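Before any comments, here is the structure.
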Amino acid sequence: MSRSNAQLLNQSDELVDYNLFTSHAALEDALAREGAAHERAALSALGERLGSVTMFTLGELANRHPPQLHARDRRGERLDTIEFHPAWHELMRVLIAEGLHTGPWAQPRPGAHVARAAGYMLWAELENGTQCPATMSYGAVPALARHGDSFAPWLRLLLSREYDAAFVPAAEKRGVLIGMGMTERQGGSDVRTNTTHARPVNGAGPGREYRLSGQKWFFSAPMCDAFLVLAQAAGGLSCFLVPRFRPDRSVNALRLLRLKDKLGNRSNASAEVEFDEAFGLLLAEEGRGIPTILEMGVYTRLDNAIGSAGLMRQCVSQAIHHARGRRAFGRLLSEQPLMRNVLADLALECEAAVMLTMRLARAFDARQEAEATLLRRVLTPAVKYWVCKRAPAVCAEAMEVLGGNGYIEDWPIARRFRESPLNSIWEGSGNIMCLDVLRALSREPATLEALESLLEGAAGRDARYDRYRAALSADLGAASDGELRARDLTQRIALATQAALLLTDGPAPSCEAFLASRLAVAPPAAFGTLPPGVDCDALMARVLAP
Ligand SMILES: Cc1cc2nc3c(=O)[nH]c(=O)nc-3n(C[C@H](O)[C@H](O)[C@H](O)COP(=O)(O)OP(=O)(O)OC[C@H]3O[C@@H](n4cnc5c(N)ncnc54)[C@H](O)[C@@H]3O)c2cc1C
408 MSRSNAQLLN QSDELVDYNL FTSHAALEDA LAREGAAHER AALSALGERL
458 GSVTMFTLGE LANRHPPQLH ARDRRGERLD TIEFHPAWHE LMRVLIAEGL
508 HTGPWAQPRP GAHVARAAGY MLWAELENGT QCPATMSYGA VPALARHGDS
558 FAPWLRLLLS REYDAAFVPA AEKRGVLIGM GMTERQGGSD VRTNTTHARP
608 VNGAGPGREY RLSGQKWFFS APMCDAFLVL AQAAGGLSCF LVPRFRPDRS
658 VNALRLLRLK DKLGNRSNAS AEVEFDEAFG LLLAEEGRGI PTILEMGVYT
708 RLDNAIGSAG LMRQCVSQAI HHARGRRAFG RLLSEQPLMR NVLADLALEC
758 EAAVMLTMRL ARAFDARQEA EATLLRRVLT PAVKYWVCKR APAVCAEAME
808 VLGGNGYIED WPIARRFRES PLNSIWEGSG NIMCLDVLRA LSREPATLEA
858 LESLLEGAAG RDARYDRYRA ALSADLGAAS DGELRARDLT QRIALATQAA
908 LLLTDGPAPS CEAFLASRLA VAPPAAFGTL PPGVDCDALM ARVLAP
């Protein structure tokens, strides 16, 4: 249909071929504020590239044609390979060429993690399945780097910007990716119940060879070249590097049993796997499995939050764009007061999520600083909880702005909505994140002090904020029934931090709307309840340039 016909039929035109970065003022500002202003030109180029119709089409294709498992060949011999649509491979090639997997480790420089966070957020607007191997590889680098020279060849290949999909031993490849295997059928949150077991071949200890046997119930991106896997050894739950090939070039005994039929994230493969005396190398001492793999988990949790912020931004900008082109009752939807309230409220949620996740990313740049370490400890689970939890609500409301079309798979929001609950579930579900916040605060009082000091930075600017902060502070100090209230406390930590960031660095209209709607009253269950006087256009312009 020609554009004029579309307009005649009151259909909004497609929002494609636009710069995802320069049209997003909230992200541009956050990049500069969190110490990566010098990366602006690179992100602008990336935003232009990712916003193209070509890239959007690849994202659609990769999800419409999910991967297929080839467990055996036609003679019944084991293959354990996955076949992907060419769109997946092209997306992976671009993602890795852009360094969105391990870029900050390959080229460490000030603002590297913040710049990657911005790029990863742009990618989240486009396609989410490919983010799974990228984020696991990002998190695997510090986990492997801590454990000696035995893993140096793996690290070198992880830092490569070449995507190499060949199913051959890592030593013969131009670049590798790493996944993780923790969750078993009987328990994912409580990995202490893991039953996969490992026995040493020629003596126990870090860097030594073990044989792993057992199953994992979730094993995403199984075409990765190696995995960090938890298994029980004599000394307790331990972490192993398990490659797809043994050192003698034979295929390692990882049997892919079937692929999950998932609600979203359909471009990516998530397998059930069995280890049959699989070759593995122990990372840290036996019994240190949980802290070892959690080092990876901290980075993937950061990425969960960034990914959800990106999903929200794409859905909200699609909604704003649609409302600017669709008429009802004689006026554009974007001119209808109630719709303006909904759109502004969604935009506000999005801006607050962007600010919060980018602030967290800065704490990953300042890895060695004591204060940043403490903030990372408490804010990573709090931000993952809150931003990921808001994403499905935001995506659903944005979908409704498109009316019936929003629910249809040809349109851009349906896929994102199906994607939106995932970040909250994997890598520590909501409750687990909230319990982790409490654990951080109670185990190390300095963590609470670091959080208080961040919130203190915005004190004295607004009475509503000061009251909110004082009440939160009192409750955090006296949380005897903390576990029962962990969600309430975590939500308030996230809201207070968002308010503090808006008060110190946010634009006045967004800040005022946030304080009035999220702190002064109980946060509403639905969007579109901003009080009178809010500058709706200003809020929307922060997420999608007019
Ligand atoms: C698409 C997808 C891909 C995945 N990929 C991987 C992967 O590659 N590798 C991997 O290891 N795992 C993977 N997972 C698994 C995921 O990490 C787990 O599903 C998740 O950690 C939860 O574990 P579970 O499913 O066993 O649920 P459970 O541990 O049974 O938890 C169920 C619910 O109970 C809550 N809960 C648990 N304990 C408590 C408590 N003490 N108090 C209050 N509430 C509690 C949880 O928050 C959750 O809501 C993937 C999952 C999905 C959906």
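If you use our numbering, the sequence shown closes out at 953, no skipped numbers anywhere. For every residue, glycine included, the Cβ atom is placed at its ideal position computed from N, Cα and C. Just so it is clear, the structure is predicted and the values come from calculations on it, not from any experiment.
Query: Proximity test, Ile832 beta-carbon vs ligand 3 heavy atom, cut-off 8 Å; Result: Among the ligands present in this structure, namely ligand 1, ligand 3 is not found.
Query: Reduced DSSP category for Pro914 - H, G, I as helix; E, B as strand; rest coil; Result: coil
Query: Cβ-based burial, Gln775 [other Cβ within 10 Å; buried from 16]; Result: exposed
Query: Top-ranked residue by Cα proximity to Asp944, from Ala800, Ala915, Arg523 and Cys795; Result: Ala915
Query: Residue burial classification, Asp843 (beta-carbon count within 10 angstroms, cutoff 16); Result: buried
Query: Distance between Leu465 and Thr707 (C-alpha atoms, nearest Å); Result: 24 Å
Query: Cβ separation of Met703 and Met587, assumed to be a contact under 8 Å, to the nearest whole Å; Result: 6 Å
Query: C-beta contact flag for Gly536 and Asn675 at 9 Å; Result: yes
Query: Simplified DSSP state of Val621, which is helix, strand or coil; Result: A small correction: the amino acid at residue 621 is Gly; Val does not occupy that position in the sequence shown. Looking at Gly621 - three-state DSSP - the assignment turns out to be strand.
Query: Straight-line gap, Ser419 to Arg653 (C-alpha atoms, nearest Å); Result: 54 Å
Query: C-alpha gap between Arg673 and Ala821, whole angstroms; Result: 13 Å
Query: Distance between Tyr814 and Gly837 (C-alpha atoms, nearest Å); Result: 26 Å
Query: Coil, strand or helix - Thr509 by DSSP; Result: coil
Query: Inter-residue CB distance, Leu584 and Cys631 (contact presumed, cutoff 8 Å); Result: 4 Å
Query: Straight-line Cα distance separating Leu909 from Val928; Result: 17 Å
Query: Own chain, CB closer than 7 Å to Leu753, minus 5 neighbours either side, in chain order; Result: Val723, Ala726, Val801, Glu804, Ala805 and Phe934
Query: Beta-bridge pairing of Gln639 - partner residues as DSSP gives them; Result: His604 and Leu644
Query: Residue closest to Ala901, alpha-carbon to alpha-carbon, out of Glu890, Tyr872 and Glu919; Result: Tyr872
Query: Separation of Glu758 from Asp882, as counted between CA atoms; Result: 27 Å
Query: Whole-Å CB distance - Ala469 paired with Leu427, under 8 Å assumed; Result: Going by Cβ atoms, the distance from Ala469 to Leu427 rounds to 18 Å, so no, they are not a contact pair.
Query: Any non-hydrogen atom of ligand 1 within 8 Å of Trp624 CB; Result: yes
Query: C-beta contact flag for Thr699 and Cys646 at 9 Å; Result: yes
Query: Between the CA atoms of Arg738 and Ala437 - distance to the nearest angstrom; Result: 34 Å
Query: Classification of Leu445 by the beta-carbon crowding that lies within 10 angstroms, buried from 16 upward; Result: It is worth fixing the name first, because residue 445 is His in this sequence and not Leu. So His445 ends up on the exposed side.
Query: Best match in Ala920, Glu490, Leu862 and Ala638 for proximity to Ile899 [C-alpha to C-alpha]; Result: Here residue 899 turns out to be Arg, not Ile, going by the sequence shown. If we check each option's Cα against that of Arg899, Leu862 comes out closest.
Query: Buried or exposed by the 16-neighbour rule on C-beta atoms within 10 Å, applied to Gly714; Result: buried
Query: Environment of Gln514 [buried if 16+ CB atoms lie within 10 Å]; Result: exposed
Query: Endpoints, alpha helix (DSSP H) assigned at Glu591; Result: Taken as a continuous stretch (DSSP letters only), Glu591 belongs to no alpha helix (DSSP H), as it is neither H nor E.
Query: For Gly610, the three-state DSSP class (helix, strand or coil); Result: coil
Query: Rounded straight-line distance, which links the Cα of Glu591 to that of Leu1025; Result: As displayed, the chain neither begins before 408 nor continues past 953, which places residue 1025 out of reach and without an answer.
Query: Coil, strand or helix - Arg685 by DSSP; Result: Checking the displayed sequence, the identity of residue 685 turns out to be Ala instead of Arg. Note: Ala685 maps to strand in three-state DSSP.
Query: Of the residues Ala519, Ala628 and Arg500, the one placed nearest Arg769, counting alpha carbons only; Result: Ala519
Query: 6 Å Cβ shell around Ala531 - same chain, five flanking residues per side excluded; Result: Gly714, Gly717 and Leu718
Query: Strand pairing of Val649, partner residues [DSSP]; Result: Phe634
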